[in-house]
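Engineer: Per our numbering, the sequence shown starts with residue 108, numbered consecutively.
Note that beta-carbon positions come from the ideal geometry of N, C-alpha and C, so glycine has one too.
Just so we're clear, the structure is a prediction, and the values are computed from it rather than from any experiment.
Okay, handing you the structure first.
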Amino acid sequence: MTHPATGAERAADSLSAFPLPGPDLAVSTVADWVTLLKPRVILLVLFTGVVGLLVAPATLHPVLAFTAMLCIAVGAGAAGAINMWYDRDIDAVMRRTARRPIPAGRIEPGEALGFGVTLAAASVILMGLAVNLAAAAGLAFSIGFYVLVYTMWLKRRTPQNIVIGGAAGAFPPAIGWLAATGGLDVMPLLLFAIVFFWTPPHFWALSLWAHGDYARAGVPMLPVVAGARETRRQILLYTVLLVLLSLAPWALGLSGWIYGVTALLLGARFLERAWRVLRDRQDARGVSLSGDAPARAAFRFSILYLFALFGALAVDHFLV
Numbered sequence: 108m109t110h111p112a113t114g115a116e117r118a119a120d121s122l123s124a125f126p127l128p129g130p131d132l133a134v135s136t137v138a139d140w141v142t143l144l145k146p147r148v149i150l151l152v153l154f155t156g157v158v159g160l161l162v163a164p165a166t167l168h169p170v171l172a173f174t175a176m177l178c179i180a181v182g183a184g185a186a187g188a189i190n191m192w193y194d195r196d197i198d199a200v201m202r203r204t205a206r207r208p209i210p211a212g213r214i215e216p217g218e219a220l221g222f223g224v225t226l227a228a229a230s231v232i233l234m235g236l237a238v239n240l241a242a243a244a245g246l247a248f249s250i251g252f253y254v255l256v257y258t259m260w261l262k263r264r265t266p267q268n269i270v271i272g273g274a275a276g277a278f279p280p281a282i283g284w285l286a287a288t289g290g291l292d293v294m295p296l297l298l299f300a301i302v303f304f305w306t307p308p309h310f311w312a313l314s315l316w317a318h319g320d321y322a323r324a325g326v327p328m329l330p331v332v333a334g335a336r337e338t339r340r341q342i343l344l345y346t347v348l349l350v351l352l353s354l355a356p357w358a359l360g361l362s363g364w365i366y367g368v369t370a371l372l373l374g375a376r377f378l379e380r381a382w383r384v385l386r387d388r389q390d391a392r393g394v395s396l397s398g399d400a401p402a403r404a405a406f407r408f409s410i411l412y413l414f415a416l417f418g419a420l421a422v423d424h425f426l427v
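Written out as structure tokens, the structure is:
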């Protein structure tokens, strides 16, 4: 015999048809949209762009300078959002990226793409209208290079993805210079080259201890394709080239002793980190026997290195 449902039971049944959001229901937050922009990358890009603007031989009105830096930051974030949209399939199988907003289901792919494209267009248009067309062209080229050349073409096809694609992250100091002067010179080209040669040892150190992720995702990072041993040798080689190049502004008389001494000390430390990566105890396959601690240390130091090097250049510019 069945019993008629009570009022409370009927109410519960009716509510069950409209479940409340819970921990299993993915809902995007402001933090997710910020994550989509890759804020850590923005910080580094913005800093190098600011230094490029500050050391340029021209003064830009503070409001225009702020606008230029805002455009660089927004443009970098837009490129990051489009990158996450395109890479959502490989992000889903990598432990390091599986909880990103798109693979985790908190942001729809189409929404992320629209968000990124809108921000990219807005940043370039604003740069052109408020600052100058040269800076706008540089910003548009950098976004396009990161999205089309690195993300869509190189990343999944060649172990040289980071080497060539690193150009995308090297544009900001030149864009900052363009914003201030409307043209290029030797110094912004050197700054571009420094970031360009910094990128491989920075990302290859990361890929040494995240090679399992890249292998699962089918991304041909150097450790996956050429092995850990060759990657360690390449890290040292590019670090040597980077350190020599970092001394060029001082050697050419484009900076003073503060930058020169800082570049020398930072370079020596970076070389020591790279040497430790090379000499790390390895098995027959070149795999680290110490949990890739030297690679992690080199990766972390590389971030400090770039911030300190560009910071010293700005300080040197105003004090020497």
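Of the choices ALA247, GLU379, ASP194 and VAL302, whose alpha-carbon is the least far from that of LEU220?
Structural biologist: Nearest of ALA247, GLU379, ASP194 and VAL302 to LEU220, Cα basis: ASP194.
Engineer: By the 10 Å Cβ neighbour count, where 16 or more other Cβ atoms means buried, how is TRP364 classified, buried or exposed?
Structural biologist: exposed
Engineer: Counting only the same chain and skipping the five closest in sequence on each side, list residues whose C-beta sits under 6 Å from that of THR258.
Structural biologist: ASN190 and TYR193
Engineer: If we ignore side chains and look at the alpha-carbon of each, how far apart do SER230 and ALA242 end up?
Structural biologist: 11 Å
Engineer: Let me check understanding here. Comparing Cα to Cα, which of TRP357, VAL157 and THR166 lies closest to PRO279?
Structural biologist: VAL157
Engineer: Between LEU416 and LEU373, how many whole angstroms is the CB-CB distance? I'm expecting something under 8 Å.
Structural biologist: 6 Å
Engineer: When we look at the beta-carbon of PHE428 and count the other beta-carbons within 10 Å, is it buried (16 or more) or exposed?
Structural biologist: Since the first and last residues shown for the chain are 108 and 427, residue 428 lies out of range.
Engineer: Residues in its own chain within less than 7 Å of THR265 by CB, not counting five upstream and five downstream?
Structural biologist: The answer, listed in chain order, is PRO327.
Engineer: Taking all protein chains shown into account, do 16 or more other C-beta atoms lie within 10 angstroms of the C-beta of THR155, making it buried, or fewer, making it exposed?
Structural biologist: buried
Engineer: In whole angstroms, what separates the C-alpha of ASP131 from that of ASP320?
Structural biologist: Low confidence applies to ASP131: its pLDDT is 37, below 50, so where it sits in the model is not reliable enough to give any reading.
Engineer: State yes or no: is the C-beta of ALA183 within less than 7 Å of the C-beta of VAL152?
Structural biologist: Contact: yes.
Engineer: In three-state DSSP terms, what is ASP139?
Structural biologist: helix
Engineer: Measuring CA to CA, which of LEU344, ALA421 and VAL347 is closest to LEU361?
Structural biologist: ALA421
Engineer: Helix, strand or coil, according to DSSP, for GLY245 in the structure here?
Structural biologist: helix
Engineer: So for ARG407, helix, strand or coil by DSSP?
Structural biologist: helix
Engineer: Quick one: Cα of THR204 to Cα of ILE197, how far?
Structural biologist: 9 Å
Engineer: Which residues mark the beginning and the end of the alpha helix (DSSP H) in which TYR321 is found?
Structural biologist: For TYR321, the uninterrupted alpha helix (DSSP H) segment begins and ends at 318 to 324.
Engineer: For ASP423, I'd like the list of residues in its chain whose CB is within less than 7 Å of its CB, leaving aside the five on either flank, ordered along the chain.
Structural biologist: SER362, GLY363, ILE365 and TYR366
Engineer: Could you name each continuous beta strand (DSSP E) segment of 3 residues or more that falls completely within the stretch 322 to 377, going from the start of the chain to the end?
Structural biologist: Fully enclosed beta strand (DSSP E) runs of 3 or longer: not present.
Engineer: Quick check on the burial criterion: 16 or more other C-beta atoms within 10 angstroms. Buried or exposed for THR369?
Structural biologist: buried
Engineer: When you compare only the Cα positions, how much space is there between PRO146 and TRP382?
Structural biologist: 30 Å
Engineer: Quick check on LEU132: does DSSP put it in helix, strand or coil?
Structural biologist: Here the model assigns LEU132 a pLDDT of 45, short of 50, so the residue's position is not dependable and the matter cannot be decided.
Engineer: Per DSSP, what kind of secondary structure is MET201 in: helix, strand or coil?
Structural biologist: coil
Engineer: Measure the beta-carbon distance from HIS309 to PHE406 and round it to whole angstroms, keeping in mind my assumption that it falls under 8 Å.
Structural biologist: The beta-carbon separation of HIS309 and PHE406, rounded to 7 Å, stays under the 8 Å limit for a contact.
Engineer: How would you label VAL170, buried or exposed, when you count the other beta carbons within 10 angstroms and need 16 or more for buried?
Structural biologist: exposed
Engineer: Assuming ALA183 is part of the alpha helix (DSSP H), what are its boundary residues?
Structural biologist: 169 to 193
Engineer: Which of helix, strand or coil does DSSP assign to VAL427?
Structural biologist: The answer is coil: DSSP assigns VAL427 none of H, G, I, E or B.
Engineer: Report yes if the CB atom of PHE303 is closer than 7 Å to the CB atom of ALA277, and no otherwise.
Structural biologist: yes
Engineer: Using only CA atoms, which one of TRP357, SER409 and PRO356 lies nearest to PHE377?
Structural biologist: SER409
Engineer: Given 6 Å as the limit, tell me if THR338 has its C-beta closer than that to any heavy atom belonging to the ligand HEM.
Structural biologist: You won't find the ligand HEM in this model; it holds no ligand whatsoever.
Engineer: Pick from ALA227, SER353, GLY272 and THR338: whose alpha carbon is nearest that of LEU313?
Structural biologist: THR338
Engineer: For HIS318, I'd like the list of residues in its chain whose CB is within less than 6 Å of its CB, leaving aside the five on either flank, ordered along the chain.
Structural biologist: PRO330 and VAL331
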